[in-house]
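These notes are about the structure you will find just below.
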Amino acid sequence: MEFTAIQIAALLNGTIEGDPDIKVSTLSKIDESLPDSLTFLTNPKYNSYIYSTKASIVLVNQDFIVTQAIGATLIRVENAYASFARLLEMFSKSKNDQIGISAKASISSSATLGTGVSVGDFTYISDRVSIGDNVHIHPQVYIGPHVTIDENTLIYPGVKIYSDCIIGKNCILHSGVVIGSDGFGFAPQPDNNYQKIPQLGNVVLEENVEVGSNTTIDRATLGSTIIHQGVKLDNLIQVAHNVEIGENTVIAAQTGISGSTRIGKNCMIGGQVGIVGHIIIADNVKIGAGSGVERSILQEGAAMLGAPAIEAGKARRNFIHWRKLDEIVRKVYTIEKQVNKSHE
Amino acid sequence: MEFTAIQIAALLNGTIEGDPDIKVSTLSKIDESLPDSLTFLTNPKYNSYIYSTKASIVLVNQDFIVTQAIGATLIRVENAYASFARLLEMFSKSKNDQIGISAKASISSSATLGTGVSVGDFTYISDRVSIGDNVHIHPQVYIGPHVTIDENTLIYPGVKIYSDCIIGKNCILHSGVVIGSDGFGFAPQPDNNYQKIPQLGNVVLEENVEVGSNTTIDRATLGSTIIHQGVKLDNLIQVAHNVEIGENTVIAAQTGISGSTRIGKNCMIGGQVGIVGHIIIADNVKIGAGSGVERSILQEGAAMLGAPAIEAGKARRNFIHWRKLDEIVRKVYTIEKQVNKSHE
Amino acid sequence: MEFTAIQIAALLNGTIEGDPDIKVSTLSKIDESLPDSLTFLTNPKYNSYIYSTKASIVLVNQDFIVTQAIGATLIRVENAYASFARLLEMFSKSKNDQIGISAKASISSSATLGTGVSVGDFTYISDRVSIGDNVHIHPQVYIGPHVTIDENTLIYPGVKIYSDCIIGKNCILHSGVVIGSDGFGFAPQPDNNYQKIPQLGNVVLEENVEVGSNTTIDRATLGSTIIHQGVKLDNLIQVAHNVEIGENTVIAAQTGISGSTRIGKNCMIGGQVGIVGHIIIADNVKIGAGSGVERSILQEGAAMLGAPAIEAGKARRNFIHWRKLDEIVRKVYTIEKQVNKSHE
């Protein structure tokens, strides 16, 4: 999407100083501006940047005073910051314009699509799939048999959704996400081989869930792996079979949650956390980055840290001890010698 | 796949109480049943669920006594649990019905395909690829030049296999798996740049290997990265160049194995384990979740835990000390004061 | 690519002993040779392997003496090792022969392509994309709107690049890489929901960057996530929004870097390292595998290790203490008893 200074000034009720026909295709910050971008200036601390910026258009407040020659086109508005925020929102939406149903997609005749749906090239939609209104599916996506996707959901290129999974409204799935792959379940045999345990459940994402790129969510053995409404998952996270994550819980990148664990609502879980299987995490729990959770956390609102995870304040004190552990251990040896000597 | 109560009763030699024409398309547990699903009841503890279940069909033993109004259709069988296990197996297989060779796939004229092979839409099969009988390749898969895939192997959507790799019989590769990408090898130059070391080996998967979604297995610099028969890898695992993993070893999600390390047979490795390069892990070794293995483990059957990994029993005692480390350190300071005082 | 003994002997100025028409399609090591491969022998320690090797051709020095029956064809050359290195280089290049623009790709009419560009089947190139000379794009790649890719860059199957990102010259992106997905930014609301913060920046990769398979690099909120020239990233790495990585820094697999952190030049970062957000790492810093970096490292050339990361020598001493922590703690309890007794 490209916009001219005239279009933007009209939208923001601003006045142009410079080239009214200049075009921008993105937004940027004043101190790291890209060519063809629009930026804004409100903080006087950054005034000097406006004379050297590569941005094509700068939004400024009505009272901004130009003191040097300036390359960029200015648009004066009532409130440059609020106007910029409005453009942020607008640009964000414009990135996902509806593009219709590609003739280069494969769509089963038994699939049902709502109105305003987009399907990109080389996307594969299997039998008995049901897709709600205004769902936007990018190129190279795979939607397995009997999958349901509710309205307004956005699916980026290359997402793979296995059979029977259910995706709620207003979800966002980033590239490389895999939903519904088999849980890791094998029965050991007397000859040391493993027999695969069929994984016949599914994955359910409720509404307003966002899943970061290359994150994997395995289907349940039976029943459902459930991600409740409002959950936000970062990139490269592993969610094992039969896990349940409570509403509005946020989890940072590379965290792994083992099978059948249930996580409460409104939790905040840092990056690279490991959580063992078959435990319960209460609501409003905070788990610091890099922690290893090996038992249930039943106290609501607990803050945990470390591997194994303990109460966060305690863990922070332990980290201080860790930083001088060598000194502490030497102390122990010294005391031991003194004590043994005085006991001689 | 859908089945009616009549079909299922006929298969299991059961008797129907309810709607003989009702259809189910999946299986579920009695306490988390999905509509259109079939479940079973054998444990009397769960009896109450049968009156509220959303499942369309419930398998029950001959002697089950109905005590309330019931919405679901019942099928009475000799052994409800064994019958359900049989359906599990059957449903599992039905998910991967042969679908033939898609006209929307790209298949090199120099590739050879066995009988009963399926190739999905938008899949790319390169020159000199050899595919055995009954291999099932989903949509959007990439098979590089001179790759060999042996019979009955199942490849899910979006798998990428680089040139020259060899995949054995009865393997399962989940979505997003990358096999044969370049090993991470660079030679430092005097000017701080790195020169890429060509990675010309391949990856060999023997038979009955399963690889979880978004796991990556790099090709050897020369020779082969080898995953022996029966190995099961979970999601998001990193296997570096020239690694060898012994038969029937199972590895949980997000574990990483550095270059040239050799892992024995029948090992069990937890999630988020890190293993350094150029070491050896003996057969039957168990490594707990989150461990960091920095040296060879030469004792067969050893159980290891922690970062750095030590004997597991010792690590568990250390974890107890970690939980009260602050108390222990305070003790040291107190004793130090006492000893210094008594020495004054 | 296949080569005959005649072609190879001509190239290396060697002489053939055996079948001049035998073909090879890859290279291998003498002790793990593949059929249809070429290997070399210079170390007399490995002499016995030449009589049992499965390789079709073996390069040997002029003075090599055959003492038994031999299956492989020999090519005698001046310096077998140097000749092999030359073939390594040549084979490596031949793997990425130009193949032209596929008629099965989708290429926007507003995209511009340089000369010598290859585009594979089922690849999608969006509006206003600009691709430099000799860029090689494999099948099933997605290039979003307004992306720029500079000359000689190599993009493996299934890579996804979101809108507005900029990829430099001579880069290599492996399968499953995601460039430019949304940064993980959400504003908490009074009702515990999160509102998405639009991510409108981009990702910039400078020249000579290599990115391993399934690694994810998120776009900046505003401005750019920047990977400077010569950076090498291994597999399954997470680079969050607004991160900057200095030139010639190398990072091993499964490491995660949180938002807005700036890493210096020529750093070496091990696998499974976690680095928190909004910190600075100086130039030439080394961070050991599995470390957790929770504060800035401002000293150039520092070597750090552990979680939390401390000076590496100190951390190694701490690891020794960890290995006998139980013994040390028992010592503390024993001393405590002794001291308390002597104070009675």
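Protein chains in written order, with the numbering used here: chain A, 21 to 364; chain B, 21 to 364; chain C, 21 to 364.
For glycine and all other residues, C-beta sits at the position ideal for the given N, C-alpha and C.
Does the count of Cβ pairs from the region 232-244 of chain B and the region 207-216 of chain B closer than 8 Å reach three?
As far as the Cβ criterion goes, the region 232-244 of chain B does not touch the region 207-216 of chain B, which means the pair count is below three.
Excluding sequence positions up to five away, which residues of its chain have a Cβ less than 8 Å from the Cβ of Met-324 of chain C?
Excluding positions up to five away in sequence, the list reads Val-305, Lys-306, Ile-307, Gly-308, Ser-311, Val-313, Ile-317, Ile-330, Glu-331, Ala-332 and Ala-335.
Start-end ranges of the beta strand (DSSP E) lying completely within the region 41-69 of chain A, minimum 3 residues
With a minimum length of 3 residues, the unbroken runs of beta strand (DSSP E) contained wholly in the region 41-69 of chain A fall at 57-61.
In its own chain, which residues sit with a C-beta less than 6 Å from the C-beta of Gly-276 of chain A, not counting the 5 before and 5 after it?
The residues are Gln-258 and Gly-294.
Cross-chain neighbours of Thr-328 of chain A in chain B, by beta carbon under 8 Å
The question names Thr, but residue 328 of chain A in the sequence shown is Pro. Chain B residues near Pro-328 of chain A: Phe-339, Trp-342 and Arg-343.
Taking Ala-207 of chain A as part of the alpha helix (DSSP H), name the residues at either end of that continuous run.
Where Ala-207 of chain A is concerned, there is no enclosing alpha helix (DSSP H), although the beta strand (DSSP E) it sits in stretches over 206-208.
Alpha-carbon to alpha-carbon, His-248 of chain C and Glu-267 of chain C
In this structure, the CA atom of Glu-267 of chain C is about 5 Å from the CA atom of His-248 of chain C.
Option nearest Asn-255 of chain C by Cα separation, candidates C:Ile-271, C:Gly-243, C:Ser-244 and C:Gln-82:
Closest option to Asn-255 of chain C, Cα to Cα, is C:Ile-271.
Taking Cβ to Cβ, would you say Pro-328 of chain C is nearer than 9 Å to Phe-339 of chain A?
In contact: Pro-328 of chain C and Phe-339 of chain A (Cβ atoms closer than 9 Å).
At a Cβ cut of 7 Å, what residues of the region 194-217 of chain C count as close to chain D, listed as they run along the chain?
Absent here is chain D; the protein component of the structure consists of chains A, B and C.
In this structure, does DSSP put Glu-37 of chain C in helix, strand or coil?
When DSSP states are grouped into helix, strand and coil, Glu-37 of chain C belongs to the strand group.
List, in order along the chain, the chain A residues whose C-beta lies closer than 7 Å to that of Gly-291 of chain B?
In chain order: Gly-276, Ser-278 and Gly-294.
Listed in chain order, which residues of the region 302-324 of chain C have Cβ atoms closer than 8 Å to some Cβ of chain B?
Contacts with chain B (Cβ-Cβ distance below 8 Å) from the region 302-324 of chain C involve Ala-309 and Gly-310, listed in chain order.
For the region 241-278 of chain A, list the alpha helix (DSSP H) runs that are entirely contained and at least 4 residues long, ordered along the chain.
Those alpha helix (DSSP H) runs which fall completely within the region 241-278 of chain A and span 4+ residues do not exist here.
Selection from A:Pro-159, A:Lys-49 and A:Asp-147 that minimises the alpha carbon distance to Leu-108 of chain A:
Of A:Pro-159, A:Lys-49 and A:Asp-147, the residue nearest in Cα terms is A:Lys-49.
Would a check of beta-carbon distances place Asn-222 of chain A closer than 9 Å to chain B?
Yes, its Cβ sits closer than 9 Å to a Cβ of chain B.
May I ask which residues mark the beginning and end of the alpha helix (DSSP H) holding Gln-27 of chain C?
Its alpha helix (DSSP H) spans residues 25-32.
Would you identify the three-state DSSP class for Ala-125 of chain B, choosing helix, strand or coil?
If DSSP states are grouped into helix, strand and coil, Ala-125 of chain B belongs with coil.
Got a sec: is the Cβ-Cβ distance from Arg-282 of chain C to anything in chain A below 9 Å?
So no, Arg-282 of chain C is outside the interface.
For a contact defined as C-beta to C-beta under 9 Å, what are the partners of Leu-242 of chain B on chain C?
Ordered by position in chain C, the residues that pass the 9 Å Cβ test against Leu-242 of chain B are Leu-47, Ser-48, Lys-49, Glu-52, Thr-59 and Leu-108.
Same chain only: Cβ atoms within 6 Å of Gly-8 of chain B, ignoring 5 sequence neighbours per side
In the structure displayed, chain B extends from 21 to 364; residue 8 of chain B sits before or after that span and is not available.
Are the beta-carbon atoms of Leu-345 of chain B and His-341 of chain A separated by less than 9 Å?
Contact: yes.
Mind reading off the beta-carbon distance from Leu-47 of chain A to Leu-31 of chain A? Whole number of angstroms is fine, and I expect it under 8 Å.
Contact doesn't hold; Cβ gap of about 14 Å is too wide.
Do Val-359 of chain B and Val-359 of chain A have their beta-carbon atoms positioned less than 9 Å apart in this structure?
Val-359 of chain A is a Cβ neighbour of Val-359 of chain B, given a cutoff of 9 Å.
Tyr-144 of chain B and Ile-163 of chain B closer than 9 Å at C-beta:
Taking 9 Å as the cut-off, the Cβ atoms of Tyr-144 of chain B and Ile-163 of chain B count as close.
Counting only Cβ pairs nearer than 9 Å, list the residues of chain A close to Ala-260 of chain C.
Ordered by position in chain A, the residues that pass the 9 Å Cβ test against Ala-260 of chain C are Asp-254, Asn-255, Ala-272, Ala-273 and Gly-291.
So, under 8 Å CB-CB, Cys-191 of chain C and Thr-173 of chain C are touching, yes? Tell me the CB distance rounded to an integer number of Å.
With 8 Å as the limit, Cys-191 of chain C and Thr-173 of chain C qualify as a contact, their Cβ atoms being about 4 Å apart.
Any chain A beta carbon closer than 9 Å to Gln-127 of chain B:
What sits at residue 127 of chain B in the sequence shown is Ile, not Gln. Not an interface residue.
Tell me the residue span of the beta strand (DSSP E) that contains Lys-216 of chain A.
Its beta strand (DSSP E) spans residues 214-216.
Residues in the same chain with beta-carbon distance under 6 Å from Ile-199 of chain A, minus the five sequence neighbours each way, listed in chain order, please.
So the qualifying residues of the chain are Ile-181, Cys-185, Val-223 and Ile-237.
Quick one: Cα of Ala-302 of chain C to Cα of Arg-282 of chain C, how far?
Cα to Cα, Ala-302 of chain C sits roughly 8 Å from Arg-282 of chain C.
Report the partner residues of Gly-312 of chain B according to the DSSP bridge assignment.
DSSP, once it has assigned bridges, lists B:Gly-294 as partnering Gly-312 of chain B.
Chain-ordered residues of the region 141-156 of chain B with a beta carbon less than 8 Å from chain A
Answer in chain order: Asp-141 and Phe-142.
Which residues of chain A have a Cβ atom closer than 8 Å to the Cβ of Phe-111 of chain B, listed in chain order?
Ordered by position in chain A, the residues that pass the 8 Å Cβ test against Phe-111 of chain B are Pro-218 and Leu-220.
Here's a check: name, in chain order, each residue in its chain whose Cβ is nearer than 6 Å to the Cβ of Glu-37 of chain C, leaving out the five neighbours to either side.
Taken in chain order, the residues that qualify are Leu-94.
Bridge partners of Tyr-162 of chain B, per DSSP?
Beta-bridge analysis with DSSP links Tyr-162 of chain B to B:Tyr-144 and B:Lys-180.
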